[in-house]
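Comments concern the structure below.
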Amino acid sequence: RLQSTEYSYMALLALLAVLMVCGIAACCRKSRSAADGTFLVKFEVDKLDGKDGQAGSFIMEVHPEWAPLGAARMKELVDQSFFSEIRFFRVIDNFMAQFGISGDPAVAVKWSNMKLIDEPVKESNKKGYVSFATSGENSRTTQMLINFADNANLDGMGFCPFACVVKGMEVVDRIYKIGERPDQVQIQMEGNSYLSKEFPELTFITSAKIVNDLK
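With positions in the sequence shown counted from 1, the corresponding number in the working numbering is that position plus 2.
And the structure:
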């Protein structure tokens, strides 16, 4: 009987996990059919859990009606193949995964001067939602974060969601938790040569492209 009870408990936990993931997708996708300009971006990633050969993918749904400038910047970055070889350099368990500094210092400098005007926060920073990082007024460029949990405290700080992970959140949860060890100034100056040497375990993006469906 004890084994049966334990099995039932584990089955219930598994079902709840599935419902939570489906709930994230449903919440984000509920207005897609009626939303002009909404699009999907598929990310292929490698070194999940910090291990060679551990690859996977996840899909973001980008919502221009949440943040038109943020959505347009995302499309611009994807169209220019910006994300290839980019590392998740600041990843804090139960908080968020941050990425978006180019591995090429010359490219990083270019984008650092292309700041976006702030937009009103229309959606909360819930689990799976994606916002551009901000360090103050009108400071958004290319860095962004995926929330591992509900982080409503970020809403009042100007972190404006523009997208949501609708497939593969279990992959996102396996992004290597490096904490805050990499130095952002050094990343800007030295790019991937610094990160590859000092933090070879970082999960990184191999490709990002716009797709038509969730396959």
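Note that beta-carbon positions come from the ideal geometry of N, C-alpha and C, so glycine has one too.
- According to DSSP, N149 shares a beta bridge with M98.
- Taking the Cα positions, D48 is about 7 Å away from D54.
- V174 is the residue among V174, P66, G39 whose C-alpha sits nearest the C-alpha of L147.
- Look at A210 here: in three-state DSSP terms it is strand.
- Per the coordinates, the alpha-carbon of G181 lies some 12 Å from the alpha-carbon of T205.
- Taking C-beta atoms as the reference points, A74 and P66 count as a pair closer than 9 Å.
- In this structure, K44 is the residue among D38, K44, G39 with its C-alpha nearest to the C-alpha of G170.
- Taking every protein chain shown into account, the CB of M62 has 16 or more other CB atoms within 10 angstroms, so this residue is buried.
- Rounded to the nearest angstrom, the gap between the Cα atoms of F85 and I177 is 15 Å.
- Comparing alpha-carbon positions, the option among G130, A165, K124 lying closest to D157 turns out to be K124.
- Boundaries of the alpha helix (DSSP H) around G72: 70-81.
- DSSP lists V47 as the beta-bridge partner residues of G58.
- Sequence-distant Cβ neighbours of S114 in its own chain, meaning closer than 6 Å and more than five residues away, are T143.
- Residue environment: Q186 is assigned as exposed (fewer than 16 neighbouring CB atoms within 10 Å of its CB, all protein chains considered).
- When rounded, the separation of the alpha-carbon atoms in S195 and I94 is 23 Å.
- About 7 Å separates the beta carbons of M76 and A165, which is inside the 8 Å limit, making them a contact pair.
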